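Residue numbers (the numbering used here): 1397 to 1861.
Just so it is clear, CB atoms sit at the ideal spot from N, CA and C, and this is done for glycine as well.
Computed from a predicted model, the values in this text were never measured in an experiment.
So the structure is just underneath, and the comments pick up after that.
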């Protein structure tokens, strides 16, 4: 077998990766595009007078319905078909977008945002991509989705204030709805159909084994982390646009703050992640990211009279945010058992959605009763709590996950194969998929004898039976 990094994607794998990354990015752009402008727009609607708590709910309620429906819709895709569930989710999301555009009151906007969140297709998209890719290239395909989300987030923060000035926030919702319907056509016409659909333990959640993930303290610490990160993000954006307005920066000009903040954040994140991954410094880089957000939130408390200081704080914030968004999934992957990686990520993604809801709801309440200081103090406290929890959690081992299709000579002898692989240099653990077709290996990044493992799996060494 060739080494993983030399294996080329087949054409249908490339098409699947590109089109589904695009669909995922479109789905997330509907959330990200309105993030910097939604709070100010919501405040202008009937029913918003002195009701910042409801504004916060409009910001974060989509996270609640997304959290409730993400795993059920993923399971539904096992039964009814991946594409059917994706079509359903995209249509629901588009309907929520059009309803939000037509909203003539704040309660109606809240209902529309809840409907948007109900189009929770992430688990179904991940399952379809797993069906369409081989074990050896699946991680690369999944990373394309992660990259598309990161780029969409950064681009949306910069573009949203300008686009809202040209189109209005209702226009952004209409644009999102139209692009989402276009995504239905992309999935139907350009995304390949899988020959078979099955459970992929490295990519999909297994509800029956959820308890095993919830007992892992290291994973629970990361789940709290993603909850805290996105709760603080949503609370921040419930108040931040108003703070910039109070400093004289018009809504349409707020991109001037977001552009340098996001660009510097991305530029600094890349070398930090490389250092963390290649020099076994991931926990140190991770802790630095949390500390950056904590210090940025403390700084925002002191920057309510200075736009320059606020911008500097946001630069620090986005350095930390981008580092954490990139490192958290990597740490989950390193810590979770190889055959439970999909389940661990399912819990992680659900906690992210719950964080979005909790942050919007809490941020709105705090903003209403305690103003900017209440929101920024809440975010600071949340980050401090996470910093302490992360400091007490052991660093993940410097490992990677690899998987292979099991050679015919090992069929029926999977236990013996796992024992044989455990003796290979650098192998931390080896487990076989439920259908007996795939072996998942967690191996050290340095010192793993990949050639020996591949020779063993291919059947050069025979099953003793």
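Residue 1428 places its beta carbon 8 Å or farther from that of residue 1535.
The residues 1709, in chain order, have a CB closer than 6 Å to that of residue 1695 in the same chain once the five nearest residues on each side in sequence are set aside.
Put simply, of 1641, 1601, 1662, 1750 the residue whose alpha carbon is nearest the alpha carbon of residue 1474 is 1601. Residue environment analysis places residue 1698 among the exposed positions, since fewer than 16 neighbouring C-beta atoms fall within 10 angstroms of its C-beta. Note on geometry: alpha-carbon atoms of residue 1803 and residue 1613 lie some 35 Å from one another. DSSP places residue 1556 in the uninterrupted alpha helix (DSSP H) bounded by 1531 to 1585. In the three-state DSSP reduction, residue 1745 falls in the helix class (H, G or I). DSSP places residue 1838 in the strand class (E or B) of the three-state scheme.
In this structure, residue 1512 places its C-beta atom within 8 Å of the C-beta atom of residue 1493.
Within its own chain, the residues whose Cβ lies closer than 7 Å to the Cβ of residue 1470, once the five positions on either side in sequence are excluded, are 1519, 1520, 1523, 1600, 1601, listed in chain order. Shortest Cα-Cα distance from residue 1430 to any of 1589, 1446, 1497, 1618 involves 1497. Three or more pairs of CB atoms, one per stretch, sit closer than 8 Å, so the region 1406 to 1413 contacts the region 1525 to 1533. At a Cβ-Cβ threshold of 8 Å, residue 1633 and residue 1435 count as neighbours. For residue 1480 and residue 1515, the gap between their C-alpha atoms comes out near 12 Å. Sixteen is the threshold: since fewer than 16 other Cβ atoms of the shown chains lie within 10 Å of the Cβ of residue 1476, the residue is exposed. Ranked by Cα distance from residue 1594, the first of 1630, 1674, 1587, 1529 is 1529.
Of the candidates 1752, 1642, 1488, 1629, 1488 places its Cα closest to the Cα of residue 1576.
Between residue 1533 and residue 1405 a beta carbon distance of about 5 Å is seen, short of the 8 Å cut, so the two are scored as contacting. By a beta-carbon distance limit of 8 Å, residue 1738 contacts residue 1596. Their separation comes to about 7 Å.
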